[in-house]
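A quick write-up on the structure given underneath.
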Amino acid sequence: MKKGAVWKHLVPGLLIAAAALYLTYRKTDGEALFRALGQIHWPLLVLVLPPLVSSYVFRVIRWRKLLVPLGDVSVRDASGPLITGFFVNTLLPGRVGEILRALLLSRRTGIPRAGSFATVVLARIFDGLTLAAMTLIVLTVLWTRLDGATRLGLAAAGAMYVAFLVMLASLHRYRERAAGMLAAPLRWIGLRKQALRLQVLLLSFARGLDSLRDWRDTLKVSLYSILVWGSLTVSVIPVFLAMDLAVIWYYPVMLLVLAGLGMLIPTPAGTGTVHGALVLVLPALIGITQQTTRVLALLFHTTQFLPVIAVGLVVALREGVTAAQVSRIAENEDEMSVPGPGSMLEEE
585 MKKGAVWKHL VPGLLIAAAA LYLTYRKTDG EALFRALGQI HWPLLVLVLP
635 PLVSSYVFRV IRWRKLLVPL GDVSVRDASG PLITGFFVNT LLPGRVGEIL
685 RALLLSRRTG IPRAGSFATV VLARIFDGLT LAAMTLIVLT VLWTRLDGAT
735 RLGLAAAGAM YVAFLVMLAS LHRYRERAAG MLAAPLRWIG LRKQALRLQV
785 LLLSFARGLD SLRDWRDTLK VSLYSILVWG SLTVSVIPVF LAMDLAVIWY
835 YPVMLLVLAG LGMLIPTPAG TGTVHGALVL VLPALIGITQ QTTRVLALLF
885 HTTQFLPVIA VGLVVALREG VTAAQVSRIA ENEDEMSVPG PGSMLEEE
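Quick note, my numbering runs 584 ahead of the 1-based positions in the sequence shown.
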């Protein structure tokens with residue numbers, strides 16, 4: 585095993601995060617920042633936890649629903665792998681957390697690795713589509729208040745997620761043919777290895793669609809996705825209250841949309857890029873100063889990710905996950921997502 589596998593994933597993200605934080609906070613008045621932090625109603629931030637926990641409960645319920653065609657998975661068997669996967673994803677950008685989540689479930693339940701990974705991919709797609717709907721809501725409500733660049737960015741993000749939906753419909757019907765066509769442009773320019781990776785990932789999407797046997801299943805999974813993101817939306821409200829900021833119903837939605845856009849640039853837990861997206865766009869939309877937005881970004885990011893990291897670390901240790909196993913997955917990320925026997929968690 586190459587010892588640098590984890591660092592290969594981590595270092596670029598850390599460098600981007602450091603640069604983004606510097607650019608976002610370089611003009612911050614340190615004394616004013618600490619004074620603002622001293623005026624926060626810290627006990628109110630505890631109210632973030634119930635809806636945040638609820639969002640992960642709904643994620644577990646949704647995943648169990650997607651896993652029904654593969655087997656009856658208990659809440660306990662699904663919870664540990666899911667939380668561990670999200671914990672690893674906060675540290676290592678990419679698919680390492682998703683792959684680890686699928687492998688842990690396979691080890692616990694005997695469900696085939698390929699099928700498990702396919703359901704993980706499908707769950708993430710539903711997250712993307714739900715976020716697309718939230719983006720369209722923000723566009724509809726705030727269109728006249730957005731500048732041209734912001735309109736273009738949000739519209740492009742929404743269009744990208746809608747394109748995903750069209751792509752999935754094609755994959756569900758045509759499978760290998762559709763995957764080959766979508767990967768063809770990479771082959772045309774000589775990137776054969778990258779084309780193969782994309783084709784494998786697209787086929788994982790297609791396998792995940794097998795979990796949705798009819799429109800009722802699709803409706804239920806969509807409902808759970810709405811509950812996931814609805815809970816996350818509610819979890820943002822206490823941050824506004826703790827800072828004595830006015831809350832209009834679409835403010836929390838806007839924060840999640842901007843955070844999602846920031847996380848398109850992979851850094852550990854979206855550090856720096858989430859802060860930058862909020863500070864760049866939010867002041868003009870809700871009429872607060874950049875200094876206030878910088879504090880808001882710090883609180884929002886900390887309350888959303890610190891609980892996941894703290895709980896995830898404990899759960900990962902209980903699951904028996906080691907740094908060596910995570911490094912092995914990071915080293916073999918592409919091969920691990922390909923259907924096949926065996927589990928690298930069992931190789932020491």
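In this text, a Cβ means the ideal position worked out from N, Cα and C, and glycines have one as well.
Coarse secondary structure for residue i, derived from DSSP in three states
i       : result
Leu-730 : coil
Leu-650 : helix
Leu-786 : helix
Val-705 : helix
Ile-773 : coil
Ile-683 : helix
Trp-799 : helix
Val-595 : helix
Ala-908 : helix
Lys-804 : helix
His-885 : helix
Met-827 : coil
Val-632 : helix
Leu-694 : The residue you asked about is not Leu; residue 694 is Gly in the sequence shown. Note: Gly-694 maps to coil in three-state DSSP.
Gly-896 : helix
Val-812 : helix
Thr-873 : coil
Glu-661 : The identity of residue 661 in the sequence shown is Asp, whereas the question assumes Glu. Asp-661: helix per DSSP, three-state reduction.
Ala-617 : Note that residue 617 is Leu in the sequence shown, not Ala. Helix, per DSSP.
Leu-676 : coil
Glu-760 : helix
Gly-655 : coil
Ile-645 : helix
Arg-781 : helix
Trp-833 : coil
Ile-624 : coil
Thr-612 : coil
Ala-603 : helix
Residues near residue i in its chain [Cβ-Cβ closer than 6 angstroms; skip 5 each side]
i       : result
Gly-860 : Ala-604 and Thr-608
Ala-790 : Leu-755 and Arg-759
Leu-631 : Pro-822
Val-704 : Glu-682, Arg-685 and Ala-686
Leu-715 : Gly-844
Phe-642 : Tyr-808, Leu-811 and Val-812
Pro-867 : Gln-874 and Thr-877
Leu-730 : none
Ala-900 : Thr-668 and Phe-671
Gly-597 : Pro-677, Pro-850, Thr-851 and Pro-852
Leu-787 : Ala-763
Same chain, Cβ closer than 8 angstroms to residue i, five either side skipped, listed in chain order
i       : result
Arg-800 : none
Thr-887 : Leu-629, Val-632, Leu-636, Ser-819, Pro-822 and Val-823
Ala-601 : Thr-851, Pro-852, Thr-855, Gly-856 and Thr-857
Leu-840 : Leu-715, Met-718, Trp-813, Leu-816, Thr-817 and Val-820
Val-831 : Ile-821, Phe-824 and Leu-825
Val-644 : Val-659, Ala-662, Ser-663 and Leu-666
Asp-711 : Ser-809, Val-812 and Trp-813
Val-837 : Met-718, Ile-721, Val-722 and Thr-817
Leu-688 : Gly-664, Pro-665, Thr-668, Gly-669, Glu-903, Val-905 and Leu-929
Anticipated Cβ contact below 8 angstroms, residue i with residue j, distance rounded
i       : j       : result
Pro-852 : Leu-675 : 5 angstroms
Ala-686 : Ser-700 : 4 angstroms
Val-863 : Gln-874 : 6 angstroms
Tyr-834 : Lys-649 : Between Lys-649 and Tyr-834 the Cβ distance is about 29 angstroms, and since that is not below 8 angstroms, they are no contact.
Phe-671 : Gly-896 : 2 angstroms
Leu-782 : Ala-762 : Contact flag wrong, Cβ pair sits at about 12 angstroms.
Trp-647 : Ala-698 : Not a contact, Cβ separation roughly 16 angstroms.
Val-879 : Met-827 : 7 angstroms
Beta carbon proximity, residue i to chain B, threshold 8 angstroms
i       : result
Gly-854 : Looking at the structure shown, chain B is missing, and only one protein chain is on hand.
7 angstroms Cβ shell around residue i - same chain, five flanking residues per side excluded
i       : result
Pro-891 : Leu-633 and Leu-636
Leu-770 : Gln-778, Ala-779 and Leu-782
Proximity test, residue i beta-carbon vs the ligand MG heavy atom, cut-off 7 angstroms
i       : result
Leu-715 : The ligand content of the structure shown is nil, which means the ligand MG is not present either.
List in chain order: all unbroken alpha helix (DSSP H) runs of 4+ residues lying wholly within the stretch 836-862.
-> none
Contact between the stretch 843-856 and the stretch 803-819: three or more CB pairs below 8 angstroms?
-> Per the Cβ contact rule, the stretch 843-856 is not in contact with the stretch 803-819 (fewer than 3 Cβ pairs under 8 angstroms).
Please determine if the stretch 653-673 and the stretch 693-705 are in contact, where contact requires at least 3 C-beta pairs separated by less than 8 angstroms.
-> With the cut-off at 8 angstroms, the stretch 653-673 and the stretch 693-705 touch.
Any contact of the stretch 772-781 with the stretch 613-628, i.e. 3+ C-beta pairs under 8 angstroms?
-> no
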